[in-house]
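Take a look at the structure set out below.
Numbering (the numbering used here), first residue to last: 59 to 201.
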């Protein structure tokens, strides 16, 4: 099972991104493959928030387009939405304590905890996931 970070999804859907081709290919293979794809609402929310914000993405997409993207993912046979389990708080705060900070790492720690709870590998260009012991992480853009 994989759990993508929002940066992978944004690169996959932004044709202007220099990483678009790699991300789009990765995401297409993931959605059409047999491996389970775990989505979290924090990543879905991040996708909608960032892709519809003209200060972040130019041109921004309309909410209807973002909704279409998300609903198309959720309809795939191999896509599941994952939720925190009873272990989540311990994992989440443990990751933040071990990193020695919170701030910008809070969402990453949440995704990392979900990945551990659901035996998933995080897929992200964000190297901060390497800071969390026990989290399987891969960068689809790495050579």
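For every residue, glycine included, the Cβ atom is placed at its ideal position computed from N, Cα and C.
By DSSP's assignment, residue 96 forms a beta bridge with 138. In this structure, the beta-carbon distance from residue 174 to residue 196 does not fall below 7 Å. DSSP assignment within the stretch 115-199 yields the following whole beta strand (DSSP E) runs of 3 residues or more, N-terminal first: 137-139 and 179-181.
With a cutoff of 7 Å on beta-carbon distance, residue 118 and residue 111 are scored as near each other. Cβ-Cβ separation between residue 153 and residue 171: approximately 7 Å, consistent with a contact (criterion under 8 Å).
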